[in-house]
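To convert, note that position 97 of the sequence shown is 96 in numbering that gives the first Met the number 0; the numbers rise steadily by one, no gaps.
Yeah, the Cβ is synthetic: ideal placement off N, Cα and C, and Gly gets one too.
Keep in mind it's a predicted model, so treat the numbers as computed, not measured.
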Amino acid sequence: MVVLLHVSSESFVRFGAMWEASNCYESISRACVPIFFMISGATLLRKTEPLGTFLSKRVLRVIPPLVFWSTFYLWWLSFNGVNTGNWIRAMLAGPTMFHLWFFYVIFGIYLIVPAMRRFYQNASQSERLWLLAVWFLTASLYPTLQALFTGREDDLIARWGSVSVYDASYYGMYAGFLVLGAYLADLKGNIVSGLALFATSVLATVLATTWESRIHGVPNPFFHLYLSPLVVIAACSLFYAFMGMAAGKSPPLLSTISGCTLGIYGLHPFLIDPLAKRFGLLQLTGSPLVDPILATVIIFCTALAVVALLRSIPLIRSRPLRVVI
């Protein structure tokens with residue numbers, strides 16, 4: 000879904016033959032990032048382990064891939080003539096490529112997970128639900144409605160779209176997704192109702208984005224923001240549907256993909272930007288509905304093949320290189 004999100008965004012920035020399809024695919028795939036946070040919450044908040052173990056297994060392991068991929072893209076930008084300045088200073092300032100913001104946010108959230116874990120494990124279900132309601136109202140619903148009624152959508156887009164590395168409140172906005180993931184993981188999910196609500200929220204996002212964009216006269220991603228109420232509901236419902244699926248042994252291919260997820264996430268923008276555009280992968284058939292899917296499959300499979308090949312090399316297969324790809 001992340002690859003589809005970034006592929007479809009190429010056609011969203013301007014009105015044209017591809018825009019409606021791009022809006023649909025963006026609306027479908029926007030739930031992917033919140034779901035990443037929710038999976039972390041379902042995995043971490045219900046688990047008990049010493050603080051030192053958590054710091055070494057989770058917090059410190061975010062740093063190597065962050066440094067590796069930041070360096071990789073600084074090199075790429077420099078190779079293409081961009082003045083990147085001091086690389087260390089650039090990394091400390093924020094993401095060196097748009098998708099690397101996730102590493103900064105997850106690192107900041109991991110720092111407060113031990114305290115969140117203590118609260119979650121000792122809170123009642125009603126207390127957890129109350130916290131989620133307060134978070135949804137203050138971090139998602141109220142800012143969205145306020146921006147709409149005051150005509151300041153662009154201000155909210157700028158605030159939610161920027162990465163405030165040293166602002167604790169920035170991480171707090173996304174920390175609620177972890178509690179939401181843990182809460183839903185404790186429930187018995189339902190595939191049908193989850194997918195039905197997901198489809199409804201996606202349709203609402205498509206219509207709201209079309210309306211907002213036509214009013215402003217330019218494509219407007221206001222309802223695509225990760226903290227938009229419609230995106231939060233979409234992520235929540237899709238995660239709830241996943242929780243309704245029967246657990247079992249993963250097929251070998253799925254296990255391979257799971258092991259390569261980090262590398263695919265780090266590499267895929269490199270394939271979209273110079274390779275997909277250069278070889279026309281974004282316009283293979285001329286169909287607005289088919290081309291984004293084909294490009295997503297090709298880019299994903301290419302990234303998977305590259306990462307799997309690299310991980311098969313003995314030097315990379317051993318730590319510490321394995322934790323960055």
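Counted within 10 angstroms of its Cβ, other Cβ atoms place residue i as buried (16 or more) or exposed
i, result
"F78", "exposed"
"N22", "buried"
"L155", "buried"
"H325", "No answer is possible for residue 325: the residues shown for the chain start at 0 and end at 324."
"I62", "exposed"
"G265", "buried"
"P49", "exposed"
"L44", "buried"
"F97", "exposed"
"E152", "buried"
"N85", "exposed"
"T143", "buried"
"V32", "buried"
"Y141", "exposed"
"P313", "exposed"
"I87", "exposed"
"R116", "buried"
"N121", "exposed"
"A157", "exposed"
"M244", "exposed"
"A132", "exposed"
"L253", "exposed"
"L311", "Looking at the sequence shown, residue 311 is not Leu but Ser. The residue is exposed, with fewer than 16 neighbouring Cβ atoms inside 10 Å."
"F35", "buried"
"S257", "exposed"
"S139", "buried"
"L308", "exposed"
"S200", "buried"
"F222", "buried"
"F118", "exposed"
"F278", "exposed"
Residue i and residue j closer than 8 Å at C-beta
i, j, result
"A240", "I190", "yes"
"I105", "S39", "yes"
"L183", "C259", "no"
"M242", "L194", "no"
"L261", "P64", "yes"
"V1", "G93", "no"
"V231", "F135", "yes"
"M90", "S69", "yes"
"F67", "V323", "yes"
"F197", "A174", "no"
"L128", "T95", "no"
"W100", "V162", "yes"
"L237", "A30", "yes"
"V12", "A294", "no"
"S28", "L3", "yes"
"M17", "S26", "no"
"F14", "P291", "no"
Contact test: residue i Cβ vs the ligand MG heavy atom, cutoff 7 Å
i, result
"F102", "For the structure depicted, the ligand MG is absent and the ligand set is empty, with no information on it obtainable."
Residue-chain proximity (residue i, chain B), Cβ-Cβ < 8 Å
i, result
"L54", "Absence of chain B from the displayed structure is noted, only one protein chain being present."
task = Return the chain-ordered ranges of every alpha helix (DSSP H) run that is complete within the stretch 25 to 101 and spans a minimum of 4 residues.
result = Those alpha helix (DSSP H) runs which fall completely within the stretch 25 to 101 and span 4+ residues are 31 to 43, 50 to 53, 59 to 78 and 86 to 92.
Can you give, in chain order, each stretch of the beta strand (DSSP E) that sits fully within the stretch 169 to 241 and has at least 3 residues?
You should have found no qualifying run.
| said: Count Cβ pairs between the stretch 168 to 181 and the stretch 207 to 224 that sit closer than 8 Å; are there 3 or more? | reply: Taking 8 Å as the limit for Cβ pairs, the verdict is that the stretch 207 to 224 does not touch the stretch 168 to 181.
Discussion item. Three Cβ pairs or more, each shorter than 8 Å: is that satisfied between the stretch 256 to 273 and the stretch 282 to 302?
Written reply: The answer is yes - the stretch 282 to 302 touches the stretch 256 to 273, with three or more Cβ pairs under 8 Å.
Item to complete: Would you be able to state if there are at least three C-beta pairs under 8 Å between the stretch 279 to 290 and the stretch 13 to 22?
Response: Yes, they touch.
With a threshold of 8 Å, are at least 3 pairs of Cβ atoms found where one atom belongs to the stretch 163 to 172 and the other to the stretch 107 to 114? With the rule of 3 Cβ pairs closer than 8 Å, the stretch 163 to 172 counts as touching the stretch 107 to 114.
Whether or not the stretch 195 to 210 and the stretch 223 to 230 are in contact is what I'm after, with contact meaning three or more pairs of Cβ atoms, one per stretch, closer than 8 Å; do they touch? Proximity of the stretch 223 to 230 to the stretch 195 to 210 meets the contact definition, three or more beta-carbon pairs being nearer than 8 Å.
* Asked: Which runs of the alpha helix (DSSP H) fall wholly inside the stretch 282 to 314 and span at least 4 residues, in chain order?
  -> If we require 4 residues or more, the alpha helix (DSSP H) runs fully inside the stretch 282 to 314 come out as 289 to 311.
Next item on the list: List in chain order: all unbroken alpha helix (DSSP H) runs of 4+ residues lying wholly within the stretch 112 to 180.
Entry: Within the stretch 112 to 180, the complete alpha helix (DSSP H) runs of at least 4 residues are 124 to 135, 141 to 149 and 152 to 160.
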